[in-house]
Amino acid sequence: MELFETFCQQVCREVRHATPEERDSIRRELRDHLEDRAEALQSSGSDEEAAAQAAVEAMGDPAEIGRAMNRQYPLGWLILSRLSGALLLLLCLYILFTLPLFGSAYNNLRCRISPSYGGRFMSGAAPESVCLTDYRWTVGGSVLRVYGLEPTHMDANGDSRVRVYLCAYNRNPFRCASESLVRDVVFLDESGNELERLYGGSGNTGAWYTTISFPLPEGENGFTLYYDSHGYQLEEYIPLPGEEAAP
Amino acid sequence: MGRKQTMDHTALLVLSLLSQGDMYGYQMIAELERQSDHTFEMKEGTLYPILHGLERSGAVESYRTQAPSGRERKYYRLTEKGAAALKAEAEQWRRYSHSVNAVLEQAMGLA
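From first to last, the protein sequence lines are chains V and W.
Using our numbering, the first residue of the first sequence is number 26, and each one after it goes up by one.
Using our numbering, the first residue of the second sequence is number 10, and each one after it goes up by one.
Set out below in structure tokens:
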């Protein structure tokens with residue numbers, strides 16, 4: 026009924042301090058009332074148009090009702106509801122953008138505390154052939170860690186290779202680790218020759234993991250880990266498990 | 010001397026009606042007309058600012074449900090706070106009307 030809609034709009038126009046939802050609720054309630062009143066008038070003999078007109082007149086001055094209604098909705102409340110909506114939105118956006126940061130911080134801490142879980146041994150338990158180690162070197166802002174050694178890893182051709190389990194994390198849990206540390210590291214035999222390596226890596230900004238395997242010349246009981254990239258150098262001798270460090 | 014009447018008379022009537030049961034706006038108007046034998050005839054739209062004010066102050070609360078007509082309506086219910094306010098205001102009103110009557114009777118007696 027257009028007559029009812031006009032009346033409701035005239036009331037709601039004055040209710041400036043209410044939220045759009047509150048205004049909708051007011052409009053609906055007034056409309057319900059007009060319908061009920063018009064129906065009662067019709068059942069006592071009025072025709073539809075006269076009943077609608079009388080129902081609107083019985084309500085009173087719409088602007089006056091609107092102003093009285095507006096006084097029931099303090100401006101402070103509207104401001105508070107708008108502000109809390111905006112704050113909630115900001116909080117959601119903040120959480121959305123910082124979640125990955127917390128995820129990478131978690132990966133970083135796991136890499137420091139228990140790399141076996143984050144790395145190759147998904148169950149956390151290394152195979153018997155793997156010897157867990159804990160070599161760590163600081164390279165720039167990141168740390169390179171050798172957390173496992175497998176002296177006799179059989180490759181697809183049945184050749185025995187040494188397999189090294191490496192990971193890298195940033196010293197600051199909220200910053201990215203350098204992937205280059207686990208990707209560009211090479212291994213040298215006792216004569217200083219670079220050993221042909223097979224590389225498999227995974228990871229994310231919190232921590233990088235890799236396994237690198239290479240054939241060690243017969244009779245040699247250790248190898249040299251060598252890194253030279255991005256202006257940083259690292260050269261460390263690592264004995265095979267069960268062997269004494271070379272002099 | 011007691012404190013002044015703090016509540017609008019229509020608000021007092023609304024709370025009284027709601028103490029008899031939950032009602033929606035039009036039902037209150039119809040009931041008020043019936044119970045007062047058409048003595049109280051107000052501009053019906055003025056009821057709603059009063060209801061919303063009472064709701065904001067916590068004297069009543071509202072919910073939408075189906076009315077006997079089958080249509081959904083916004084019902085109002087008296088809260089404990091509203092019941093306490095009604096009790097205090099009704100007492101205040103009784104004292105006030107008693108005083109007015111006393112003065113009127115005195116005046117009529119002297120006339």
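Ideal placement from N, C-alpha and C gives every residue a C-beta, glycine not left out.
Could you tell me which residues DSSP puts in a beta bridge with V/W233? As a first step, residue 233 of chain V must be located in the first sequence, where it is residue number 208. In the DSSP output, where bridge partners are listed per residue, V/W233 has V/A193, V/G228.
Report yes if the CB atom of V/V189 is closer than 7 Å to the CB atom of V/V171, and no otherwise. For the purposes of this step, residue 189 of chain V is taken as the residue at position 164 of the first sequence. For the purposes of this step, residue 171 of chain V is taken as the residue at position 146 of the first sequence. Yes, Cβ-Cβ distance for V/V189 and V/V171 is below 7 Å.
Given a limit of 7 Å on CB to CB distance, which residues of the stretch 81-112 of chain W reach chain V? Listed in sequence order: R82, K83.
Quick check: what's the CA-CA separation for V/G91 versus V/T31? Translated into the one-based positions of the first sequence, residue 91 of chain V becomes position 66. Translated into the one-based positions of the first sequence, residue 31 of chain V becomes position 6. One C-alpha to the other measures close to 13 Å.
Hey, is the stretch 230-244 of chain V in contact with the stretch 182-201 of chain V, meaning 3+ C-beta pairs nearer than 8 Å? yes
Taking DSSP's pairing of strands, which residues face W/S71 in a bridge? Along the second sequence, one-based indexing puts residue 71 of chain W at 62. Secondary-structure assignment with DSSP links W/S71 through a beta bridge to W/Y85.
Rounding to the nearest angstrom, what Cα-Cα distance links V/V207 and V/Y252 in this structure? The residue you call residue 207 of chain V lines up with position 182 of the first sequence. The residue you call residue 252 of chain V lines up with position 227 of the first sequence. Their Cα atoms are separated by approximately 9 Å.
Using the C-alpha atoms, what's the distance from V/N218 back to V/L259? Within the first sequence, residue 259 of chain V is the residue found at index 234, counting from 1. Within the first sequence, residue 218 of chain V is the residue found at index 193, counting from 1. One C-alpha to the other measures close to 16 Å.
Quick one, which residues of the stretch 68-84 of chain V are near chain W if we go by CB-CB under 7 Å, in chain order? A83, M84
Do you know how far the Cα of V/G165 is from the Cα of V/P242? Here residue 242 of chain V corresponds to residue number 217 of the first sequence, with the count starting at 1. Here residue 165 of chain V corresponds to residue number 140 of the first sequence, with the count starting at 1. Going from the Cα of V/P242 to the Cα of V/G165 covers about 32 Å.
Quick one: Cα of V/R222 to Cα of V/N132, how far? Within the first sequence, residue 222 of chain V is the residue found at index 197, counting from 1. Within the first sequence, residue 132 of chain V is the residue found at index 107, counting from 1. C-alpha of V/R222 to C-alpha of V/N132: approximately 26 Å in a straight line.
According to DSSP, what are the bridge partners of V/G174? Walking along the first sequence from the start, residue 174 of chain V turns up at place 149. According to the sequence as given, residue 174 of chain V is Leu; it is not Gly. Its beta-bridge partners are V/C156, V/V189.
Identify the continuous alpha helix (DSSP H) that holds V/Q78 and give its terminal residues. Counting from 1 along the first sequence, the entry for residue 78 of chain V is found at position 53. Note, V/Q78: alpha helix (DSSP H), 73-84.
Contact set between W/R65 and chain V, taken where Cβ atoms lie within less than 9 Å: In the second sequence, the residue the question calls residue 65 of chain W occupies position 56. Those are Q97, Y98, P99, W102, listed as they occur along chain V.
What does V/E54 touch in chain W if you count any residue whose Cβ is under 7 Å from its own? Along the first sequence, read from residue 1 onward, the residue named residue 54 of chain V stands at position 29. In chain order: G34, Y57, K83.
Same chain, Cβ closer than 8 Å to V/E27, neighbours up to 5 away in sequence not counted: Your numbering for residue 27 of chain V matches position 2 in the first sequence. Nothing meets the Cβ criterion.
Going by DSSP, what residues sit across from V/E260 in a beta bridge? As a working note, residue 260 of chain V is residue 235 in the first sequence. Paired residues: V/Y251.
What residue range does the beta strand (DSSP E) around V/F212 cover? Here residue 212 of chain V refers to the residue found at position 187 of the first sequence. Start and end: 211-213.
Check whether the stretch 76-88 of chain W touches the stretch 104-119 of chain V, taking contact to mean three or more Cβ pairs, one atom from each stretch, closer than 8 Å. no
Need the endpoints of the alpha helix (DSSP H) that V/V36 sits in, please. Your numbering for residue 36 of chain V matches position 11 in the first sequence. That run of the alpha helix (DSSP H) goes 27-39.
From what residue to what residue does the alpha helix (DSSP H) around V/D61 run? Residue mapping note: residue 61 of chain V aligns to position 36 of the first sequence, counting from 1. Run containing V/D61: 45-68, per the alpha helix (DSSP H) assignment.
Establish whether the CB of W/G11 and some CB of chain V are separated by less than 7 Å. The residue given as residue 11 of chain W occupies position 2 in the second sequence. Because the pLDDT at W/G11 is just 42, under 50, the model does not fix this residue reliably, and the point stays unresolved.
Name, please, each residue of chain V whose Cβ falls closer than 7 Å to the Cβ of W/H61. Working through the second sequence from its first residue, we reach residue 61 of chain W at position 52. What W/H61 touches in chain V: M94, Q97.
Indicate whether W/L21 and W/E98 have their beta-carbon atoms separated by less than 7 Å. For the purposes of this step, residue 21 of chain W is taken as the residue at position 12 of the second sequence. For the purposes of this step, residue 98 of chain W is taken as the residue at position 89 of the second sequence. Yes.
Could you tell me which of V/L157, V/P125, V/H178, V/E60 sits nearest to V/S139, measuring between CA atoms? The count along the first sequence starts at 1 and reaches residue 139 of chain V at position 114. Check the Cα spacing between V/S139 and each of V/L157, V/P125, V/H178, V/E60: the tightest is with V/L157.
Check whether the Cβ atoms of W/L56 and W/G30 sit closer than 7 Å, and answer yes or no. As a first step, residue 56 of chain W must be located in the second sequence, where it is residue number 47. As a first step, residue 30 of chain W must be located in the second sequence, where it is residue number 21. In this structure, W/G30 does not lie closer than 7 Å to W/L56 by Cβ.
Cβ-based neighbour list, W/E64, same chain, cut-off 8 Å, excluding 5 preceding and 5 following: One-based indexing of the second sequence puts residue 64 of chain W at position 55. E70, S71, Y85.
Who are the near neighbours of W/A93 in its chain, counting only those whose CB is closer than 6 Å to its CB and skipping five residues on each side? For the purposes of this step, residue 93 of chain W is taken as residue 84 along the second sequence, with counting starting at 1. Nothing listed; no residue qualifies.
In the DSSP assignment, what are the bridge partners of V/G223? Taking the first residue of the first sequence as position 1, residue 223 of chain V is located at position 198. The identity of residue 223 of chain V in the sequence shown is Leu, whereas the question assumes Gly. DSSP output for V/L223 lists V/S238 as bridge partner(s).
Residue range of the alpha helix (DSSP H) that W/H47 falls in? Translated into the one-based positions of the second sequence, residue 47 of chain W becomes position 38. W/H47 -> no alpha helix (DSSP H), and no H or E assigned at all.
Quick one: what's got a C-beta closer than 8 Å to W/E42's C-beta in the same chain, skipping five residues either side? For this step, residue 42 of chain W is matched to residue 33 along the second sequence. Cβ within range, chain order: F49, E50.
Proximal residues of chain V, C-beta to C-beta of W/E70 below 9 Å: Reading the second sequence from its first residue, position 61 is the one you call residue 70 of chain W. Ordered by position in chain V, no residue passes the 9 Å Cβ test against W/E70, which lies about 14 Å from the chain.
Have a look at V/R53, V/F248, V/V81, V/Y257 and flag the residue whose alpha-carbon is nearest the alpha-carbon of V/W162. Counting from 1 along the first sequence, the entry for residue 162 of chain V is found at position 137. That would be V/Y257, whose Cα lies nearest to the Cα of V/W162.
Bridge partners of W/T55, per DSSP? Within the second sequence, numbered from 1, the residue matching residue 55 of chain W stands at position 46. According to DSSP, W/T55 bridges with nothing at all.
Put V/Y98 into one of helix, strand or coil per three-state DSSP. Counting from 1 along the first sequence, the entry for residue 98 of chain V is found at position 73. Correct three-state label for V/Y98: coil.
Please identify the residue among V/H255, V/P152, V/G225, V/L250 whose C-alpha is closest to the C-alpha of V/S203. Counted from its first residue, the first sequence places residue 203 of chain V at position 178. Checking every option, the nearest Cα to that of V/S203 belongs to V/H255.
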